[in-house]
Amino acid sequence: MRTFFLWMGLIFVSVQIQAQVAGSRANGFADSKVQYGQTIEFQVPHSAILDTSNIQSVKVEIYKRLLNPPEVLSMKREKEAWHASYTLSDTSVKTLFYTLVFQKKTGEVYSEEKLWDILVVDALGRPVLGAHQAKALSYTGISEKRAEDLSQALIEIDTELRFYPENFSARALKYQILLKQHNFSKPVRVQIISEIDSLLANAPKTDALWAFATEMYQMLGEKEKAQKAEKEWISQNPQGDRSASVAFSKILEIENPYERMKQLENFLLQFPHSRLVEPALAQMATSAIQVGDTLRMIQIGDQLLEKANTLAGANALAGLAGVLGENGAFLDRSQAYIQKAFHILRSAQTGTETPPEELSLLEARYRDVWGWILFQKGSVSEALQEFKEAEKQTLQGSLFYHLGMVYDRSRDFSQAEQNLARAVAFGGPYADMARKALVDLWTRTGKDTLFLEDFVDAQAQWLEARSKEKILSGEVDLSAPDFHLEDLEGGHVRLSDQKGNVVLLCFWGTWSKASISLLEALRYLLERYGEEVLFLTIAMDTERATVQRFVTEKRFPFTVLLNDQTEKLYQLEGVPALYVIDKKGHIRFMHKGYRKDIVQILSIELDYLLGAHSP
49 MRTFFLWMGL IFVSVQIQAQ VAGSRANGFA DSKVQYGQTI EFQVPHSAIL
99 DTSNIQSVKV EIYKRLLNPP EVLSMKREKE AWHASYTLSD TSVKTLFYTL
149 VFQKKTGEVY SEEKLWDILV VDALGRPVLG AHQAKALSYT GISEKRAEDL
199 SQALIEIDTE LRFYPENFSA RALKYQILLK QHNFSKPVRV QIISEIDSLL
249 ANAPKTDALW AFATEMYQML GEKEKAQKAE KEWISQNPQG DRSASVAFSK
299 ILEIENPYER MKQLENFLLQ FPHSRLVEPA LAQMATSAIQ VGDTLRMIQI
349 GDQLLEKANT LAGANALAGL AGVLGENGAF LDRSQAYIQK AFHILRSAQT
399 GTETPPEELS LLEARYRDVW GWILFQKGSV SEALQEFKEA EKQTLQGSLF
449 YHLGMVYDRS RDFSQAEQNL ARAVAFGGPY ADMARKALVD LWTRTGKDTL
499 FLEDFVDAQA QWLEARSKEK ILSGEVDLSA PDFHLEDLEG GHVRLSDQKG
549 NVVLLCFWGT WSKASISLLE ALRYLLERYG EEVLFLTIAM DTERATVQRF
599 VTEKRFPFTV LLNDQTEKLY QLEGVPALYV IDKKGHIRFM HKGYRKDIVQ
649 ILSIELDYLL GAHSP
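Residue numbers (our numbering): 49 to 663.
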């Protein structure tokens, strides 16, 4: 296994384990089963562990999803065996995976080579929908916890389809496995296309089938078939999700906020039960803020209070609360909006789909909004507490301005001056208000305004130093997995050959808007750093022609490599993903997704690696 995924000095020990599931002895780990709400009993007999007298502790690492961090259970040492219990309460889990970790009395850590799985079943012993699909995915090499075995993956996926023939996501996975197993050969592609044609001709026409067929045709490069399927899909169900999705995408292309808001209102009338109602309301909130229509903001906010349950809705509510609260108007409504946004955020923080860094920034933003509403309502001490918590997570002009105003109200003039000056130095929409408040405070406290600019400059230097410190605190030191990939020109690039260069490695996809935004940001960095930094990008699309057309159209100047299972080496969870690699071939910084300040962040990281601190 590659050192990127292993603890330093990890040693494996061969063990034999017995498991007791829900009170009944399992014949083998592959056949182990559990129902939701039942308890799994793990037992590791002392006799099954080599050198058992030197074992200090045993832990079970339980994976609900292989790409997510495990839950770790400490086992209790009993007379005959080590023992631990685990109750499955998460009904989104389809198959549990686990392995064992041993620690010797010397401090050495040993991990078991084998990954075991426990199938989730219903009351009749039937695997739940997606159970065998999850097992199949584990054999595709998605995680180094289990070796790739595409034949076993196909066995599992065929089992899933025997139980649930309508599971089109499982069928899509099957086709992806077949394509990979046969190196995207033409006969296999023809076979898959024929099967999809047959399904459309004979199976009941459901949205799930249409979605599956359209997406698979697109993946296989059958654009005409994909367009025909989508057209028939929309004509069959003009009020369905696909019709709504197409209409919504067209509306988002409208630049005029007045016209966009009008079309979104019509969209909600046409598709009142669509899953896109919440995103449509969120877009309406943005448009209402842009045009400054307070009445529409309140109308939209009240609808979001009822409809919102995702981060898109939460961000819209926070935006509305921020605008209304900033003006000191409708504070009770603003409070309701930001509290609902916090409720949604707390739910999102229990999952792992959204990067923790992004969730942390959202929490800071929400605290800033909530703190200002509290301040406007007269709760100064509570407001200050919220602002201080937000300051631990982010540096923003609005936050410094709000802190300055709260400290001024509290008559802590020194802190007020510092924060108002930082808001001025930060720039942005709060800079002018902060400067006006700072000049007023400076005059009230009898200071000479001749020294004001020097004070602001000093705070600007503090901001720069603090920003660098915060960004560089995310530094890691992981060996970058090597790869040897073909580029669009037919050449090949091996990562290990690039030692001596600082490398910016970006995984992206043509379908991902966030990827496109990130690549545009990288274009600026390429212009700035030139040959000082090697920019490598890996396209995750399956079709070379799709990547070639996209790169030609966008005129991206980067080296574009074609993916060949590299995502497994980096345990990729989605795109875009960035890795900043030092001259020794070690990953030093990692970023998931796109954020507006990514250029500033990467500039600090690259300067750090290129400068005196470069290893």
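Note that the Cβ used here is the ideal one computed from N, Cα and C, for glycine as well.
Just so we're clear, the structure is a prediction, and the values are computed from it rather than from any experiment.
Extent of the continuous alpha helix (DSSP H) run through residue i
i: Val595; result: Arg592 to Lys602
i: Ser105; result: Note, Ser105: premise wrong, no alpha helix (DSSP H); beta strand (DSSP E) at Ile103 to Tyr111.
i: Ala171; result: It is not in any alpha helix (DSSP H) - Ala171 carries neither H nor E in the DSSP assignment.
i: Ser186; result: Ala179 to Ser186
i: Glu374; result: Leu359 to Glu374
i: Tyr385; result: Leu379 to Gln397
i: Ile205; result: Leu198 to Phe211
i: Val623; result: From DSSP, Val623 is part of no alpha helix (DSSP H); its letter is neither H nor E.
i: Glu653; result: Ile646 to Leu658
CB contact flag (residue i, residue j, <8 angstroms)
i: Leu121; j: Ala132; result: yes
i: Gly178; j: Lys222; result: no
i: Leu447; j: Asp488; result: no
i: Ala218; j: Glu208; result: yes
i: Ala360; j: Ala389; result: no
i: Ala625; j: Phe555; result: yes
i: Thr585; j: Leu610; result: no
i: Ala384; j: Leu353; result: yes
i: Lys193; j: Val149; result: no
i: Ser392; j: Thr342; result: Looking at the sequence provided, one finds Ile at residue 392 rather than Ser. Contact flag unset, no.
i: Val623; j: Met588; result: yes
i: Thr442; j: Ala396; result: no
i: Ser137; j: Gly173; result: no
i: Gln229; j: Ile205; result: no
i: Tyr572; j: Val454; result: no
i: Ile166; j: Leu202; result: no
i: Arg344; j: Ala336; result: yes
i: Gln466; j: Gln424; result: no
i: Ile564; j: Ile649; result: no
i: Lys631; j: Lys547; result: yes
i: Ser527; j: Gly633; result: yes
i: Tyr414; j: Gly445; result: no
Same chain only: Cβ atoms within 8 angstroms of residue i, ignoring 5 sequence neighbours per side
i: Ala277; result: Leu248, Trp258, Ala261, Thr262 and Tyr265
i: Lys644; result: none
i: Gly76; result: Summary for Gly76: the model assigns pLDDT 33, below 50, so the residue's position carries little reliability, and this model does not support an answer.
i: Thr139; result: Tyr84
i: Leu268; result: Arg237, Ile240 and Ile241
Contacts around residue i, its chain only, beta-carbon distance under 6 angstroms, and the 5 residues preceding and following it disregarded
i: Arg483; result: Val472
i: Thr147; result: Glu109, Glu160 and Leu163
i: Lys273; result: Tyr265
i: Ala330; result: Ala360, Gly361 and Ala364
i: Ser191; result: Leu114
i: Thr87; result: Ser133 and Thr135
i: Ile652; result: Lys516 and Ile519
Start-to-end residues for the beta strand (DSSP E) that takes in residue i
i: Pro93; result: Thr87 to Pro93
i: Arg636; result: His634 to Lys640
i: Glu119; result: Glu119 to Ser122
i: Lys152; result: Thr143 to Lys152
i: Val541; result: His540 to Arg542
i: Leu533; result: His532 to Glu534
Bridge partner(s) assigned by DSSP for residue i
i: Glu156; result: Its beta-bridge partners do not exist; DSSP assigns none.
i: Arg125; result: Trp130
i: Ile225; result: Answer by DSSP bridge pairing: none, since Ile225 is not bridged.
i: Val628; result: Leu552 and Phe637
i: Leu163; result: Note: Leu163 sits in no beta bridge, so no partner.
i: Lys81; result: Leu167
i: Thr135; result: Thr87
Residues of its chain near residue i, where Cβ-Cβ distance is below 7 angstroms and the 5 sequence neighbours each way are ignored
i: Glu128; result: Pro93 and His94
i: Ala251; result: Leu257
i: Val428; result: Val454, Arg457 and Ser458
i: Arg73; result: In this predicted model, Arg73 has a pLDDT of only 33, less than 50, meaning its place in the structure is not dependable; the value taken from the coordinates is given anyway. Nothing listed; no residue qualifies.
i: Asp289; result: Asp255, Ser322 and Arg323
i: Ile299; result: Arg308, Gln311, Leu312 and Phe315
Residue i: CB within 7 angstroms of a non-hydrogen atom of the ligand MG
i: Leu167; result: Ligands are entirely absent from the displayed structure, and the ligand MG is therefore not among its contents.
Worksheet item: What runs of the beta strand (DSSP E), each 3 residues or longer, lie entirely inside the segment 402-465?
Response: Scanning the segment 402-465 from its first residue to its last, no whole beta strand (DSSP E) run of 3-plus residues comes out.
Practice prompt. Could you tell me which uninterrupted beta strand (DSSP E) segments, each at least 3 residues in length, are contained entirely in the segment 302-352, listed from first to last along the chain?
Written response: none
Practice prompt. With a floor of 4 residues, list each alpha helix (DSSP H) that falls wholly inside the segment 477-527, ordered by position along the chain.
Written response: 479-492 and 500-520
Worksheet item: What runs of the alpha helix (DSSP H), each 4 residues or longer, lie entirely inside the segment 227-309?
Response: 234-250, 255-267, 271-284 and 289-300
Item to complete: Could you pull out every unbroken alpha helix (DSSP H) segment of at least 4 residues lying fully inside the segment 544-620, listed in chain order?
Response: 561-577, 592-602 and 614-617
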